[in-house]
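Note sheet for the following structure.
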Amino acid sequence: MLDLQTDLQRFQITRPIQSIFIGGGTPSLFAPESFERLLNGIKQQTTLADNAEITLEANPGTFESHKFAEFRALGINRLSIGIQTFNDTLLKRLGRVHNASEAQKAATIAHQAGFDNFNLDLMFGLPDAEKFSSQQDIATAISLKPTHISLYQLTLEPNTFFYKYPPPLPTDDEVFNTQQACQTILAEQGFQQYEISAYSQPGRQCQHNLNYWQFGDYLGIGAGAHGKISLALPNLIMRSSKPKHPEHYLRDYVAVSLTTAILPAELPLEFLMNQLRLKQGFSPEHFQRRTGLGLSSLEPGLNLCLQEQLLEYKKNRYTCTEQGWNFLDSLLEKFILV
Ligand SMILES: C[S@@+](CC[C@H](N)C(=O)[O-])C[C@H]1O[C@@H](n2cnc3c(N)ncnc32)[C@H](O)[C@@H]1O
Numbered sequence: 126m127l128d129l130q131t132d133l134q135r136f137q138i139t140r141p142i143q144s145i146f147i148g149g150g151t152p153s154l155f156a157p158e159s160f161e162r163l164l165n166g167i168k169q170q171t172t173l174a175d176n177a178e179i180t181l182e183a184n185p186g187t188f189e190s191h192k193f194a195e196f197r198a199l200g201i202n203r204l205s206i207g208i209q210t211f212n213d214t215l216l217k218r219l220g221r222v223h224n225a226s227e228a229q230k231a232a233t234i235a236h237q238a239g240f241d242n243f244n245l246d247l248m249f250g251l252p253d254a255e256k257f258s259s260q261q262d263i264a265t266a267i268s269l270k271p272t273h274i275s276l277y278q279l280t281l282e283p284n285t286f287f288y289k290y291p292p293p294l295p296t297d298d299e300v301f302n303t304q305q306a307c308q309t310i311l312a313e314q315g316f317q318q319y320e321i322s323a324y325s326q327p328g329r330q331c332q333h334n335l336n337y338w339q340f341g342d343y344l345g346i347g348a349g350a351h352g353k354i355s356l357a358l359p360n361l362i363m364r365s366s367k368p369k370h371p372e373h374y375l376r377d378y379v380a381v382s383l384t385t386a387i388l389p390a391e392l393p394l395e396f397l398m399n400q401l402r403l404k405q406g407f408s409p410e411h412f413q414r415r416t417g418l419g420l421s422s423l424e425p426g427l428n429l430c431l432q433e434q435l436l437e438y439k440k441n442r443y444t445c446t447e448q449g450w451n452f453l454d455s456l457l458e459k460f461i462l463v
């Protein structure tokens with residue numbers, strides 16, 4: 126709570142809080158009393174919007190009916206469940222503690238506990254994964270009636286087992302075909318893709334992440350948390366980061382927290398890296414509202430992307446074309462300052 130208090134004062138925050146995302150590590154291991162203290166502490170220090178979206182990231186292996194019913198009663202109204210796959214062999218390979226039946230049980234408990242809005246995280250492009258298993262994962266996930274599915278392509282992250290001992294992975298074509306096949310099933314079942322990895326039933330987009338991708342402001346509270354707060358545009362858009370190591374954080378987060386201003390010259394790319402992940406693209410007014418910069422600051426990259434049909438401009442919005450979205454990294458390269 127002190128961390129929150131410090132940031133609220135440091136950034137003079139008086140705006141109501143629209144969403145809370147409790148994530149990182151396995152917060153679903155905590156007892157309901159911990160979240161009661163957390164949410165009461167937030168309510169004492171800020172104004173929480175009436176319909177605030179409060180998401181808890183949860184691992185299938187931690188699901189107990191009564192506990193999740195208590196989480197729901199405390200006001201947590203959305204879950205993000207880290208399923209990854211319903212294939213036990215692949216779960217073991219990924220080093221996940223849960224198995225496929227716990228994964229299915231987690232969704233059932235979520236419904237029984239009163240959660241009518243929850244996300245299932247799935248991964249594809251997994252080692253030794255036959256093409257059909259990802260489609261099978263999608264079909265199983267949909268049968269559990271979530272309102273949101275996040276579909277992530279496996280990336281080999283530094284300091285992980287797979288990074289050290291890279292497993293045989295499907296080819297780019299196989300991954301692309303798998304993704305296309307999964308997207309077709311999701312669309313047929315009413316899941317609309319609104320972000321590179323996010324698919325939701327109508328009206329069930331993740332509000333917290335939407336704000337993030339729309340280059341909105343957010344506070345990062347806790348060990349390893351990141352925040353972004355606009356004090357004045359364009360010169361005082363601040364990024365904050367808290368020490369990753371819990372001991373360092375608990376010892377003295379104030380002294381070791383970093384707050385840096387994003388250089389106005391870096392703002393166009395920072396904005397696009399988030400906003401162009403969204404299918405909705407952006408309007409010139411929104412760019413100006415969030416960065417304080419004019420559209421000319423996006424040149425010459427903007428024109429280059431329009432000419433190369435990576436971006437298109439329609440109804441006062443710049444959106445990625447199919448090509449631009451599939452090759453977003455190379456699109457963004459056109460905005461890197463030389
Ligand atoms: C990125 S967060 C996303 C949480 C939630 N879906 C959300 O909307 O905020 C955690 C998820 O990232 C995915 N993930 C973790 N490691 C990954 C990796 N190496 N490659 C791809 N996806 C990964 C897993 O599905 C994990 O549940």
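The letter at position 170 of the sequence shown is residue 295 when you use my numbering, and the numbering goes up by one with no holes. Every residue gets a Cβ at the ideal spot worked out from N, C-alpha and C, and that includes glycine.
CA-to-CA distance, residue j to residue i, given in whole angstroms
i: Ala-232; j: Leu-418; result: 44 angstroms
i: Leu-456; j: Leu-394; result: 11 angstroms
i: Ile-310; j: Lys-230; result: 23 angstroms
i: Glu-410; j: Ala-177; result: 26 angstroms
i: Phe-155; j: Trp-338; result: 28 angstroms
i: Leu-181; j: Gly-150; result: 11 angstroms
i: Glu-158; j: Leu-199; result: 9 angstroms
i: Gly-345; j: Leu-129; result: 9 angstroms
i: Pro-292; j: Asp-262; result: 20 angstroms
i: Cys-430; j: Thr-187; result: 46 angstroms
i: Ala-390; j: Gly-328; result: 35 angstroms
i: Tyr-288; j: Leu-435; result: 32 angstroms
i: Asn-302; j: Thr-384; result: 42 angstroms
i: Asn-165; j: Pro-152; result: 17 angstroms
i: Thr-210; j: Cys-307; result: 13 angstroms
i: Asn-244; j: Pro-185; result: 12 angstroms
i: Leu-388; j: Ser-382; result: 19 angstroms
i: Gln-413; j: Ala-357; result: 13 angstroms
i: Gln-432; j: Tyr-438; result: 11 angstroms
i: Asp-342; j: Gly-148; result: 17 angstroms
i: Met-363; j: Thr-131; result: 15 angstroms
i: Tyr-374; j: Leu-403; result: 33 angstroms
i: Glu-372; j: Leu-163; result: 19 angstroms
i: Arg-376; j: Pro-283; result: 27 angstroms
i: Arg-140; j: Asp-175; result: 13 angstroms
i: Gln-330; j: Ala-312; result: 15 angstroms
i: Lys-281; j: Glu-458; result: The residue asked about is misnamed: residue 281 is Leu in this sequence, not Lys. The straight-line gap from Cα to Cα measures roughly 22 angstroms.
i: Asn-428; j: Met-126; result: 47 angstroms
i: Leu-294; j: His-191; result: 40 angstroms
i: Glu-189; j: Asn-334; result: 27 angstroms
Contact belief for residue i with residue j at Cβ below 8 angstroms, rounded distance in angstroms
i: Phe-340; j: Phe-396; result: 5 angstroms
i: Phe-196; j: Phe-160; result: 6 angstroms
i: Thr-272; j: Asn-242; result: 5 angstroms
i: Ile-142; j: Ile-167; result: 7 angstroms
i: Ala-228; j: Ser-275; result: Actually they are not in contact, since the Cβ atoms of Ala-228 and Ser-275 sit about 14 angstroms apart, beyond 8 angstroms.
i: Gly-220; j: Phe-286; result: 6 angstroms
i: Pro-359; j: Thr-416; result: 6 angstroms
i: Arg-203; j: Ile-234; result: Going by Cβ atoms, the distance from Arg-203 to Ile-234 rounds to 15 angstroms, so no, they are not a contact pair.
Contact check, residue i vs residue j, beta carbons under 8 angstroms
i: Thr-444; j: Gly-406; result: yes
i: Ala-386; j: Leu-361; result: yes
i: Ala-194; j: Asn-212; result: no
i: Gln-332; j: Ser-205; result: no
i: Leu-279; j: Gly-250; result: yes
i: Gln-169; j: Leu-133; result: no
i: Tyr-277; j: Asp-298; result: no
i: Gln-326; j: Ile-267; result: no
From the options, residue whose alpha carbon lies closest to that of residue i
i: Lys-217; options: Asp-253, His-351, Ile-142, Leu-163; result: Asp-253
i: Ile-461; options: Arg-442, Gly-449, Gly-426; result: Gly-426
i: Ile-208; options: His-236, Thr-214, Met-248; result: Met-248
i: Leu-173; options: Ile-201, Ala-306, Gln-400; result: Ile-201
i: Tyr-319; options: Asn-399, Val-300, Thr-285; result: Asn-399
i: Gly-449; options: Leu-401, Lys-440, Ser-422; result: Leu-401
i: Gln-260; options: Gln-305, Thr-296, Leu-245, Asn-284; result: Gln-305
i: Asn-441; options: Ser-408, Arg-329, Thr-210, Pro-327; result: Ser-408
i: Asn-336; options: Phe-286, Ile-354, Leu-269; result: Ile-354
i: His-236; options: Arg-414, Leu-269, Gly-220, Arg-329; result: Leu-269
i: Leu-423; options: Arg-415, His-373, Leu-392; result: Leu-392
i: Asn-451; options: Leu-281, Val-300, Arg-376; result: Val-300
i: Leu-454; options: Leu-215, Ile-321, Ser-190, Leu-163; result: A quick correction: the sequence has Asp, not Leu, at residue 454. It is Ile-321 whose Cα lies nearest to the Cα of Asp-454.
i: Ser-258; options: Thr-214, Ser-325, His-191, Met-363; result: Thr-214
i: His-223; options: Ala-312, Leu-294, Ala-183, Asn-428; result: Ala-183
For this session: Mind the definition here: the stretch 362-375 touches the stretch 343-351 only if three or more C-beta pairs lie below 8 angstroms; say whether that holds.
Result: yes
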